[in-house]
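Remarks on the structure that follows.
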Amino acid sequence: MIIFRKASDLTQIRNFCSNSKMMKCITSNPLLKENQLKGLKVSEVPIPEYDKKREVLIKVEACGVNRSDLFYVMDGAGSFGLEVSGFIVDPYTGKTTDRKVMALLPGGGFAQYAKVNKDHVMDIPNGLDFVQAASIPN
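Going by my numbering, the sequence shown opens with residue 553, and the numbers climb by one from there.
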């Protein structure tokens with residue numbers, strides 16, 4: 553598994569206003585049939601809305617890249633990133649909390665924010681950083 557560090561390695565993803573309702577994410581061009589990797593780009597999309605009773609929003613600090621993601625890219629699907637680590641966002645204030653978590657997603661982890669079912673979220677054990685934690689959920 554290769555780890556993709558959004559927060560520190562891709563500064564263009566980090567450069568956005570924290571008060572904005574938009575976020576940066578990695579998307580692909582589904583019409584590009586050959587060389588799909590060249591079709592990947594940083595796009596601006598709305599921060600996901602989520603069911604506050606069943607889901608949480610995570611401010612992504614690191615995301616795993618694995619074989620499934622490569623298949624998504626080759627198929628032109630737009631929802632990459634199955635494993636993430638980061639901070640829980642308070643559903644009422646919209647501010648990032650101090651709670652460090654890792655999670656398994658159905659997709660959408662290659663973004664600044666990801667929504668996930670509460671049952672798929674785990675606290676990061678002491679001694680692990682975000683990169684290490686993002687490699688665990690799968």
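Even glycine gets a Cβ: it sits at the ideal position worked out from N, Cα and C.
Note that the structure is a prediction, hence the values are computed from the model and not measured.
Checklist entry - Under three-state DSSP, which class holds Leu609? => result Here Leu609 sits in strand by DSSP.
Next on the checklist: What residue range does the alpha helix (DSSP H) around Phe682 cover?
Outcome noted: First-last of the alpha helix (DSSP H) with Phe682: 682-686.
Checklist entry - What residue does the beta strand (DSSP E) around Lys593 start on, and which one ends it? => result Lys593: member of the beta strand (DSSP E) spanning 593-598, first to last residue.
Item to check | CA-to-CA distance, Val636 to Pro689, given in whole angstroms | outcome: So the alpha carbons of these two residues sit roughly 8 Å apart.
Item to check | Coarse secondary structure for Asp675, derived from DSSP in three states | outcome: Asp675: strand per DSSP, three-state reduction.
Checklist entry - Residues in its own chain within less than 6 Å of Pro708 by CB, not counting five upstream and five downstream? => result The structure shown does not extend to residue 708, since the chain is modelled only from 553 to 690, so the question has no answer here.
Next on the checklist: Within a Cβ cutoff of 8 Å, which residues of the same chain sit near Arg691, ignoring the five residues on either side of it in sequence?
Outcome noted: There is no way to answer for residue 691, as the model of the chain reaches only from 553 to 690.
Checklist entry - Pro598 to Leu680, Cα distance in whole Å? => result About 30 Å.
Item to check | Separation of Asp621 from Phe568, as counted between CA atoms | outcome: No answer about Phe568 holds up, because its pLDDT of 40 lies below 50 and its placement is not dependable.
Checklist entry - Is the CB-CB distance between Gln664 and Val612 below 7 Å? => result With respect to the 7 Å criterion, Gln664 and Val612 are classified as neighbours on the basis of their beta carbons.
Next on the checklist: In this structure, how does DSSP classify Lys604 when only helix, strand and coil are distinguished?
Outcome noted: DSSP places Lys604 in coil when its eight states are reduced to three.
Checklist entry - So, Cys615 versus Gly661, is the Cβ gap smaller than 7 Å? => result Yes, Cβ-Cβ distance for Cys615 and Gly661 is below 7 Å.
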